[in-house]
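Report on the structure given below.
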Amino acid sequence: MQKVTAKKITPKFSENGSHNASEKRLEVLKTYKIYVGGQFPRTESGRYYIATNSKADKLANMCLCSRKDFRDAVVSARGAFGGWSARAAFNRGQILYRIAEMLEGRKAQFIEELIKQDATPAQAEAEVNVAIDRLIYYSGWCDKFQQVFSSVNPVASSHFNFSTPEPTGVVAAIAPQNSSLIGLVSIVAPIIAGGNSCIVLASSGKPLCAVTFGEVLNSSDLPGGVVNILTGKVSELLPYFADHMDVNATVYCEKDEASQKLIKEKSALNVKRIVTYDKTDWLSDQGQSPYFIMDFQEIKTTWHPIENIGGAKAGY
Amino acid sequence: MAKAIKNNTIKLKFDSARNLAPAPESKSAATIKDRYELFINGEFQKPLSKKYFASINPATEEKLSEVAEANTADVNKAVEAARTAYEKVWKKTSPKERAKYIYRIARMVQERARELAIIETLDGGKPIRESRDFDVPTAANHFFYYAGWADKLEYAFPNRNAQPLGVAGQIIPWNFPLLMAAWKIAPALATGNTVVLKPAEGTPLTALKLAEIIQEADLPPGVVNIITGAGETGAAIVNHPDINKIAFTGSTNVGKIIQKAIAGTNKKATLELGGKAANIIFEDAPIDQAVEGVINGIFFNQGHVCCAGSRLFVQESVAKVVIQKLKDRMESLIVGDPMDKNTDIGAINSKEQLGIINNYLAIGQKEGAEMYQSSCAIPKKGYFCRPTIFTGVAQSSRIAQEEIFGPVLTIQTFRTEDEVIEKANNTPFGLSAGVWTDKGSKIFNMTTKLRAGVVWANTYNKFDPTSPFGGYKESGYGREGGLHGLSAYVDIV
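See the structure below:
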C-alpha cells in the first residue's frame, strides 16, 4: 500500500490574512461552556470560576454550575435514555468507535490542553492515546457483554426462561478529580456502552479536556442528552448528584470518606445504585473491564410457557 | 344495537363447589416445641435478653410457641460465632465439601417436607396446598441448586476470581419464611460466607426447624446462626461492625433505612423490596388463561407477595368480559382454614397486616373506586380478608400507587401499547410485570420495555432456583437465584 504523506503547504499570505507582516495575529481564545442536551449553554447561574495550572496561571473561565444546571441536565439525560437504550447494541458500538475517531482527529488539541494543565508532553500524549484506545475497547463490548453476562435458565417447569442485562437508567457521575481526560472517558464509556445516559461533573481542578470532549461527543452522532458534562465545584453539587429522585445510580471516585458517606446516605432516598471507584488506576489496563459496564446494568428475567401437550419428542 | 355483551362462559354452580367436604391436613405430623431458643454456634442457647415472645397462628389467633428475643448482646454473640466459624473453619473448608454440606441440608429439608409445610401453614396462615406444593419443595430445590455451585465458582465469573465476603447478616420477611431463609442461606454458604439470619418475628418457626436440620446435618458450629427477634434485633444486625454484607428482603421503607444505616461503612448490601406490578391483558390474549393468571397473580399467598400482580391493566375492548370473568372466578375461591387442602386463600398473616389492608380498602372507596368482593363466608376467628377488586381506579389513586400486600387488585383500562407501557412504568417500583397476548412480537416489545426485574409473559408468579429474581428502581438491587444470585455474596478480584 502506498504511504500517504501530507504535503506541507506554505501559505502565500501571513497567518492573520493581512499583508502586514509586522502585526502579530491575535489568538482567538476558546470559551469553555458546558455540554447539556447536545448543546453548549453557559451555566444558568451566570457564575464562573477560574481554572488555573499549578503555577496559578489563568487557563480559562469555567462555568460554575448550579443545582439548576444539574436538574436541567437530568431532564436531558432522562429524555435521551429511552432512545439510546433502545438503539441496537451494534449501533452504540459504532457511535463509540466514532467518538474514538473524533478524539484521534483532535489529538493535538487535547495534548495541548493537558500540557497547559501541568502534564509533560509525553504524559499528555500517553493519556490521550489511552483515552482513544479505551473508547475502542468499550466500542467492542457494546454488543458482547450481554452475551457474556446473560443466561438461559433451565427451570424445572415447562417454561422458557432467560436473563439479560438492561441499562439501569440515568447515571450521575463525578469524574475522577485527578485527571482531565482519562478519568472522565473511563467513567463515561462503560456507562453509555451499556445504554445508560449520564450527567458527569468534570474534574474541578483540570476541567479543560472535559468540555473539549463534549465537542468530540457532539460531532460523533451521539444523540444529545446521552452524555451531559458540567463543570463546577464537587462539594457544592455532590449532594444533588446523590439525592435527585430521577437519577438511578451515582458514581464517585475519590477516597474522601465523608463524601462517600453523604452520597450513600442520600442515595437511599430512592434506592440508587452507588458505585465507588477509589482504588482504580485509570491509566492502566485495570481501568477497563466489562464488569464496569455491569455496574450500571440490571438483570431482567423473562418467562414464557412452553406448550407441552403432545407426546412428540425431538428424538432425531 | 344490543347492549348486552355476549359472555360465552358457562356459569359454574358455585354452591356445590363451595360445599366440598373439609379435608384438613393433620397437625400430628409436625412437632412444635413450647419454646425455642436462639441457634448460635451450633447450639440452641437461651437468650441473654432473657425475653421471649409468642408466635401466633393467624387462622385461629392461638399461641403456637414462644421464641427467644435476641438483644444486642445476643446479636454480638451470633456474629462472633459466625466470624470465628468463617476464619477458622468455613474459609478453609474445600469447596466440594461445602457443597456436600449444602446438599445434605437440601435432602433433609425434603425428608421433613411434610412437617415443614404444616408448620409453615400454622405459623403464617398460608394454605397448606401452597406450603406443601410450593414453599417447601422450592426451598429444598434452592439448597440443592446452590450446593452444586460451591466448587464451580470459577466458571461463574469470567476472567475473575470470586472471594467470599465474610459474615452475612440476613433479614427475611414473613410471607415466605422458609423459602426466604433458603434463598438467603444457600448462596451465602455456597460462596463460602457464614451467616447470621433473622426470620420475621411473626413467622419464626420454620426457620428454627431449619436450624434443627442444620444442626442435624452437622454443619460446623457457627456457620449458620439463626436468631429471632423484631425490628431492634434486625437493627443490631445491620449496625454490627463485624458484618460484611447485609441481605434484606422486606418493605421499601425499611430497605431505605438499611441503605442509609450502612452508608458510612464498607458493608455490601442486596435489597429485595416492595413492588406494585402491572399485569397487562391485551385483547388478543387467551382470556380464560389470562384470568386464571391474574387470579394467581394477586391471590397467591393472600397477596402477601412482593411481586404480586396488583395492578391489572385490561385493554378497553375486552375489559367488560375480563372483569366479569374475574368476578366469576373469584366467587369460586375458597377462603378459610389454611390447613384444609381445598383452601385457596388462607389467613392474613397478622392482625396488623389485616388492619393495613382494611385501611386501603377504605382509602380505595373514599377515592371513588368501585369495590367488589367475593360473597364467600369467612371464619369468625382469625384474620381473613375476602378477595377484592377495585374498578374505576385512577393512575394517581393511592391503591394503585402503594403496595397493599394483600388480596386486593386494582383494575385500569388502556387503549394502546404505548399508553399501557407508560402507565405500567409510572411507579417508583420495578420488581415484576405480566403480559398476556397471543402475539409473540408484542410480547417481546412489552417485556423489553417494562422496567422490571422479572417479567412473566402468558404466565405469572413462577419461581425457580435457577431463575434470578430482583428489582429495578426502588424495588431494590441485587439478584437472588440463578447464576446472577452468586454475585451478591462475592468480591470479584
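Protein chains in written order, with the numbering used here: chain S, 887 to 1202; chain G, 7 to 499. Every residue gets a Cβ at the ideal spot worked out from N, C-alpha and C, and that includes glycine.
Within the chosen definition, does the segment 401 to 411 of chain G reach the segment 278 to 287 of chain G through at least 3 CB pairs nearer than 8 Å? A contact exists between the segment 401 to 411 of chain G and the segment 278 to 287 of chain G.
By the criterion of Cβ-Cβ separation under 7 Å, what are the contact partners of G:Val460 in chain S? In the second sequence, residue 460 of chain G corresponds to position 454, counting from 1. When 7 Å is used as the limit between beta carbons, G:Val460 is near these residues of chain S: Thr1187, in chain order.
Chain-ordered chain G contacts of S:Ser1043 [CB-CB under 8 Å]: Position 157 of the first sequence, counted from the first residue, corresponds to residue 1043 of chain S. Correct list: Lys468, Asp470.
Any beta carbon of chain G sitting closer than 9 Å to that of S:Gln1174? Counting from one through the first sequence, the residue named residue 1174 of chain S turns up at place 288. Interface residue (Cβ-Cβ distance to chain G less than 9 Å): S:Gln1174 is not classified as such.
Pairing CB atoms from the segment 461 to 481 of chain G with CB atoms from the segment 308 to 322 of chain G, are three or more of them under 8 Å? Here the segment 461 to 481 of chain G makes contact with the segment 308 to 322 of chain G; the two share three or more CB pairs at distances below 8 Å.
Taking 9 Å as the CB-CB cut-off, is S:Ile1149 touching chain G? Residue 1149 of chain S sits at position 263 when you count from the first residue of the first sequence. Interface residue, yes.
Once DSSP output is grouped into helix, strand and coil, what is the label at G:Tyr366? By 1-based counting over the second sequence, the position of residue 366 of chain G is 360. The answer is helix: DSSP assigns G:Tyr366 an H, G or I state.
What residue range is occupied by the uninterrupted beta strand (DSSP E) comprising G:Asp497? Position 491 of the second sequence, counted from the first residue, corresponds to residue 497 of chain G. 496 to 498 is the extent of the beta strand (DSSP E) around G:Asp497.
Compile a chain-ordered list of the residues in the segment 269 to 281 of chain G whose CB is closer than 8 Å to at least one CB of chain S. Answer in chain order: Ala269, Gly270, Leu277, Leu279.
Cβ neighbours of G:Arg120 in the same chain (closer than 6 Å, five flanking residues each side left out): Looking up residue 120 of chain G in the second sequence gives position 114. Excluding the 5 residues flanking it on each side, G:Arg120 has same chain C-beta neighbours closer than 6 Å at Ala35, in chain order.
Closer than 9 Å at the beta carbon, the chain B residues around S:Asn1156: In the displayed structure, chain B is absent; the protein chains listed are S and G.
My assumption, with CB atoms under 8 Å, is that S:Leu1000 sits in contact with S:Glu1013. Please give the rounded CB distance. Here residue 1000 of chain S is taken as the residue at index 114 of the first sequence, counted from 1. Here residue 1013 of chain S is taken as the residue at index 127 of the first sequence, counted from 1. Cβ atoms of S:Leu1000 and S:Glu1013 come within 8 Å of each other, at about 6 Å.
If we cut at 9 Å on Cβ distances, does S:Cys1177 have a partner in chain G? Along the first sequence, one-based indexing puts residue 1177 of chain S at 291. One detail in the question is off: residue 1177 of chain S reads as Tyr in this sequence, not Cys. Yes, S:Tyr1177 lies at the interface with chain G (some Cβ there is under 9 Å from its Cβ).
Give a yes or no on whether 9 Å exceeds the smallest Cβ distance from S:Asn1039 to chain G. By one-based count along the first sequence, residue 1039 of chain S stands at place 153. For S:Asn1039, a Cβ of chain G is located within less than 9 Å of the residue's own Cβ.
Would the segment 1093 to 1100 of chain S and the segment 997 to 1011 of chain S be scored as touching if the rule is three or more Cβ pairs under 8 Å? As far as the Cβ criterion goes, the segment 1093 to 1100 of chain S touches the segment 997 to 1011 of chain S, which means the pair count is three or higher.
Between G:Leu225 and the rest of its own chain, which residues show a CB-CB distance below 6 Å, the 5 nearest in sequence each way excluded? Looking up residue 225 of chain G in the second sequence gives position 219. Taken in chain order, the residues that qualify are Tyr107.
From the beta carbon of S:Val1137, is the nearest beta carbon of chain G less than 9 Å away? Against the first sequence, residue 1137 of chain S aligns to sequence position 251. Chain G places no beta carbon closer than 9 Å to that of S:Val1137, leaving this residue out of the contacts.
Against S:Arg992, what residues of chain G qualify as contacts under a CB-to-CB distance less than 7 Å, listed in chain order? One-based indexing of the first sequence puts residue 992 of chain S at position 106. Those within 7 Å of S:Arg992 in chain G number zero; the least Cβ separation is about 33 Å.
Would you mind stating whether G:Ala174 and G:Ala76 have Cβ atoms separated by less than 9 Å? In the second sequence, the residue the question calls residue 174 of chain G occupies position 168. In the second sequence, the residue the question calls residue 76 of chain G occupies position 70. Contact check for G:Ala174 against G:Ala76 fails: the beta carbons are separated by 9 Å or more.
Would you call the CB atoms of S:Arg933 and S:Ile920 closer than 9 Å? As a first step, residue 933 of chain S must be located in the first sequence, where it is residue number 47. As a first step, residue 920 of chain S must be located in the first sequence, where it is residue number 34. One thing to note: S:Arg933 has its Cβ no nearer than 9 Å to the Cβ of S:Ile920.
Sub-9 Å separation of S:Tyr1177 and S:Cys1139 beta-carbons: As a position in the first sequence, residue 1177 of chain S is number 291, starting the count at 1. As a position in the first sequence, residue 1139 of chain S is number 253, starting the count at 1. In this structure, the beta-carbon distance from S:Tyr1177 to S:Cys1139 does not fall below 9 Å.
Could you tell me whether the Cβ of S:Gln863 comes closer than 9 Å to any Cβ of chain G? Because chain S here runs from 887 to 1202, residue 863 of chain S falls outside it and cannot be looked at.
Which chain G residues are close to S:Glu1184, counting only those with a beta carbon under 7 Å from its beta carbon? If you number the first sequence from 1, residue 1184 of chain S lands on position 298. Residues of chain G passing the Cβ test: Gly459, Tyr478.
Selection from G:Ala188, G:Leu415, G:Gln359, G:Pro227 that minimises the alpha carbon distance to G:Gln116: Mapped onto the second sequence, residue 116 of chain G falls at position 110. The option with the nearest alpha carbon to G:Gln116 is G:Ala188.
Determine the extent of the beta strand (DSSP E) in which G:Thr197 is found, giving its start and end residues. Mapped onto the second sequence, residue 197 of chain G falls at position 191. For G:Thr197, no beta strand (DSSP E) run applies, since DSSP gives it neither H nor E.
Rounded distance between the beta-carbons of G:Val73 and G:Pro164, thought under 8 Å: Stepping through the second sequence from its first residue, residue 164 of chain G is reached at position 158. Stepping through the second sequence from its first residue, residue 73 of chain G is reached at position 67. With 8 Å as the limit, G:Pro164 and G:Val73 do not qualify as a contact, their Cβ atoms being about 44 Å apart.
Pull up the distance between the alpha-carbon of S:Lys1141 and that of S:Lys1165, whole angstroms please. The count along the first sequence starts at 1 and reaches residue 1141 of chain S at position 255. The count along the first sequence starts at 1 and reaches residue 1165 of chain S at position 279. If you draw a straight line from the Cα of S:Lys1141 to the Cα of S:Lys1165, it is about 8 Å long.
Between which two residues does the beta strand (DSSP E) holding S:Arg1159 run? As a working note, residue 1159 of chain S is residue 273 in the first sequence. From DSSP, the beta strand (DSSP E) with S:Arg1159 extends over 1159 to 1162.
Along the chain, which unbroken stretches of the alpha helix (DSSP H) at least 4 residues long are found entirely within the segment 1099 to 1170 of chain S? Whole alpha helix (DSSP H) segments, 4+ residues: 1120 to 1129, 1143 to 1153.
First and last residue of the alpha helix (DSSP H) that includes S:Pro1007? Taking the first sequence and counting its residues from 1, the one referred to as residue 1007 of chain S is at position 121. S:Pro1007: member of the alpha helix (DSSP H) spanning 1007 to 1027, first to last residue.
Minimum length 3: unbroken beta strand (DSSP E) runs contained in the segment 195 to 266 of chain G: Listed in chain order, the beta strand (DSSP E) elements of length 3 or more contained wholly in the segment 195 to 266 of chain G are 200 to 204, 230 to 232, 251 to 255.
Quick check: the Cα distance between G:Ala10 and G:Lys326, rounded to an integer number of angstroms? Here the question's residue 10 of chain G lines up with position 4 in the second sequence. Here the question's residue 326 of chain G lines up with position 320 in the second sequence. Below a pLDDT of 50, predicted positions are generally treated as unreliable, and G:Ala10, at 49, falls in that range; the measurement from the model is reported next regardless. G:Ala10 and G:Lys326 have their C-alpha atoms roughly 10 Å apart.
Provide the residue(s) that pair with S:Ser1083 in DSSP beta bridges, ordered along the chain. Within the first sequence, numbered from 1, the residue matching residue 1083 of chain S stands at position 197. In DSSP, S:Ser1083 forms a bridge with S:Val1056.
Distance, S:Glu1184 Cα to G:Ala479 Cα: The count along the second sequence starts at 1 and reaches residue 479 of chain G at position 473. The count along the first sequence starts at 1 and reaches residue 1184 of chain S at position 298. First, the residue type needs correcting, since residue 479 of chain G is Lys and not Ala in the sequence shown. Computed Cα separation, rounded: 9 Å.
Every unbroken alpha helix (DSSP H) within the segment 413 to 490 of chain G, with a cutoff of 4 residues, ordered by chain: With a minimum length of 4 residues, the continuous alpha helix (DSSP H) runs that stay inside the segment 413 to 490 of chain G are 423 to 431, 446 to 455.
Measure the C-alpha to C-alpha separation of G:Val426 and G:Ala296 and round it to an integer number of angstroms. Counting from 1 along the second sequence, the entry for residue 426 of chain G is found at position 420. Counting from 1 along the second sequence, the entry for residue 296 of chain G is found at position 290. Computed Cα separation, rounded: 17 Å.
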